[in-house]
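Below you'll find the structure, written out as structure tokens, and then a few comments.
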């Protein structure tokens, strides 16, 4: 964590790489490496690592965060339909965390705008607004 705080992603990335080499089934290491790669601008690598973490199986909270982070990386690469599916997975899970649910609706609204689906974008924006009002 100290290396992250100081912006030493390379050191942290090498640490996480060692953990993954020792234990390929360490879902949290894959998730953490996805976060590091996303922060460093390696969106393709981040997507691969989030996907592997999700395949292995994360706790629900981390699963939803990995889906949201993967959606951001996918959107950066213009892969909007896949990003929309990740947002939908978060929304369908009905998380108790209203901030997370609101963010998923807002992100999906923006993605729907980018794909020309104005009606879906409006519905997601309204859903996010309802969550804000509660």
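Residue numbers (our numbering): 623 to 756. We put the CB at the ideal spot given by N, CA and C, even for glycine.
- Here the alpha carbons of residue 675 and residue 681 stand approximately 10 Å from one another.
- As the crow flies, the alpha-carbon of residue 667 is around 14 Å from that of residue 642.
- Taking residue 656 as reference, the option from 644, 639 and 743 with the minimal CA-CA separation is 639.
- Following the DSSP letters along the chain, one finds residue 668 inside the alpha helix (DSSP H) bounded by residues 665–678.
- Classified as buried, residue 659 has 16 or more neighbouring CB atoms from the shown chains inside 10 Å of its CB.
- For residue 700, there is no enclosing alpha helix (DSSP H), since its DSSP letter is neither H nor E.
- Going by C-alpha positions, residue 703 is about 32 Å away from residue 634.
- For the 8 Å CB-CB criterion, residue 729 and residue 709 form a contact.
- Judged by beta-carbon spacing, residue 734 lies within the 8 Å limit of residue 743, meaning their Cβ atoms are closer than that value.
- Residue 662 carries a coil assignment under DSSP once its states are collapsed to helix, strand and coil.
- The DSSP assignment places complete alpha helix (DSSP H) segments of no fewer than 4 residues inside the region 699–738 at 702–714 and 720–736, in order along the chain.
- 695 is the residue among 722, 695, 712 and 747 whose C-alpha sits nearest the C-alpha of residue 662.
- Ranked by Cα distance from residue 717, the options 677, 707, 685 and 692 are led by 685.
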